[in-house]
Amino acid sequence: MLFNFAAKKFGHTGSNPARYAERMKTNPDGLHTWTEEEVDRFLKRHGPGTKARLVMLLALNTGMARQDLACVGRQHIKKEGRIDYRRHKTSVAADLPILSELAEELRHVPKQRMLFVTQDNSAKPYAVASLGNWFRDRCVEANVPGSLHGLRKAGATRLADAGASEWEIASYLAHTDTTQAAVYTKRANRARLADSGSAKLRAVKMSNLSEESDGKEGKANE
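Using the UniProt record's numbering, the final residue of the sequence shown is 222, and nothing's skipped along the way.
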């Protein structure tokens with residue numbers, strides 16, 4: 001497309017050599033989605049009360065992106081047991097329950113500090129890129145190939161696997177439609193359908209084996 005634009009603008013009349021270029025292969029699923037095993041490994045490496053654990057559980061339980069995590073704090077807890085924030089990227093509001101594992105980590109945050117995630121023990125916030133880089137180093141320490149965005153995807157995957165609806169997942173993602181949420185529900189439904197289909201196949205095989213066994217016993221008794 002770019003070559004065609006340049007050819008038209010500058011009057012090139014020859015063939016387009018770019019059409020012979022091979023299309024680069026990309027990952028259709030985007031950034032890596034954390035697995036449950038990777039989540040467990042990270043939590044074992046970074047124990048209760050650590051900043052790494054707090055950031056990880058904030059991202060996993062709320063679906064916040066880096067720019068949201070860098071500024072989330074007590075000002076966003078407007079009702080007991082809930083985080084109410086507006087997503088920086090889209091300005092879409094999200095009102096989420098604080099699950100027990102996250103609530104436990106928030107208790108370690110000094111009460112006099114407004115922001116949940118700061119540099120060291122100061123009140124100085126992280127720059128967005130710096131927070132992402134810092135967290136990536138914590139992932140290396142835990143030997144997991146994850147990122148903050150991958151935790152957002154893992155949270156949506158958890159909801160889908162638990163049977164959440166597309167609109168419930170969209171609420172977690174702070175989306176105004178279910179386009180992206182449908183990706184997670186379809187994937188979860190495929191897994192459930194595969195399990196259901198396999199169960200039916202096993203039932204048929206067991207039934208056939210039972211019939212064969214009954215037939216052999218009948219012949220033996222003749």
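Glycine residues also receive a C-beta, built at the ideal position from the N, C-alpha and C atoms.
For residue i, does the count of other Cβ atoms within 10 angstroms reach 16, so buried, or fall short, so exposed?
{"i": "Ala-93", "result": "exposed"}
{"i": "Arg-140", "result": "Going by the sequence as given, residue 140 is Val instead of Arg. Looking at its Cβ environment, which holds fewer than 16 other Cβ atoms inside 10 Å, Val-140 is exposed."}
{"i": "Lys-51", "result": "buried"}
{"i": "Thr-185", "result": "buried"}
{"i": "Thr-33", "result": "buried"}
{"i": "Met-56", "result": "buried"}
{"i": "Glu-80", "result": "exposed"}
{"i": "Arg-202", "result": "exposed"}
{"i": "Leu-193", "result": "exposed"}
Looking only at C-alpha atoms, which of the options sits nearest to residue i?
{"i": "Arg-53", "options": "Asp-84, Leu-148, Leu-96", "result": "Leu-148"}
{"i": "Leu-69", "options": "Gln-119, Lys-205, Gln-180", "result": "Gln-119"}
{"i": "Gly-73", "options": "Tyr-184, Arg-136, Leu-151, Lys-124", "result": "Lys-124"}
{"i": "Ala-156", "options": "Ala-142, Arg-136, Thr-179", "result": "Thr-179"}
{"i": "Ser-64", "options": "Ala-191, Phe-42, Asn-133, Asp-84", "result": "What sits at residue 64 in the sequence shown is Met, not Ser. When only C-alpha atoms are compared, the closest one is Asp-84."}
{"i": "His-175", "options": "Thr-62, His-46, Gly-30, Leu-31", "result": "Thr-62"}
{"i": "Ala-127", "options": "Leu-43, Arg-66, Glu-80", "result": "Arg-66"}
{"i": "Ile-77", "options": "Ser-130, Met-206, Ser-165, Ile-98", "result": "Ile-98"}
{"i": "Arg-158", "options": "Ala-181, Arg-138, Asp-137", "result": "Ala-181"}
{"i": "Ser-122", "options": "Ser-130, Lys-205, Val-109", "result": "Val-109"}
{"i": "Leu-31", "options": "Asn-133, Leu-151, Glu-105", "result": "Leu-151"}
{"i": "Ser-130", "options": "Gln-75, Cys-71, Arg-82, Pro-48", "result": "Cys-71"}
Nearest-angstrom Cα distance between residue i and residue j?
{"i": "Met-114", "j": "His-88", "result": "18 angstroms"}
{"i": "Ala-170", "j": "Lys-153", "result": "12 angstroms"}
{"i": "Leu-58", "j": "Thr-35", "result": "16 angstroms"}
{"i": "Tyr-172", "j": "Asp-195", "result": "26 angstroms"}
{"i": "Lys-111", "j": "Gly-163", "result": "36 angstroms"}
{"i": "Glu-168", "j": "Leu-96", "result": "11 angstroms"}
{"i": "Glu-101", "j": "Ser-198", "result": "34 angstroms"}
{"i": "Glu-105", "j": "Asp-137", "result": "20 angstroms"}
{"i": "Lys-44", "j": "Arg-190", "result": "31 angstroms"}
{"i": "Ser-91", "j": "Gln-75", "result": "17 angstroms"}
I believe residue i touches residue j by the beta-carbon criterion, under 8 angstroms. Please report the beta-carbon distance rounded to the nearest angstrom.
{"i": "Gly-146", "j": "Glu-38", "result": "6 angstroms"}
{"i": "Leu-188", "j": "Ala-160", "result": "Before going on, a small fix: residue 188 reads as Ala here, not Leu. Between Ala-160 and Ala-188 the Cβ distance is about 4 angstroms, and since that is below 8 angstroms, they are a contact."}
{"i": "Val-144", "j": "Phe-42", "result": "5 angstroms"}
Verify the CB distance criterion: does residue i have a CB-CB separation below 8 angstroms to chain B?
{"i": "Lys-79", "result": "Checking the listed chains, one finds no chain B in this structure; it contains a single protein chain."}
Q) Which ranges does the alpha helix (DSSP H) cover as unbroken runs of at least 4 residues, wholly within the segment 71-115, from first to last along the chain? A) 100-106
Q. Whole alpha helix (DSSP H) runs in the segment 143-218 with 4 or more residues, listed along the chain?
A. 148-161, 166-173
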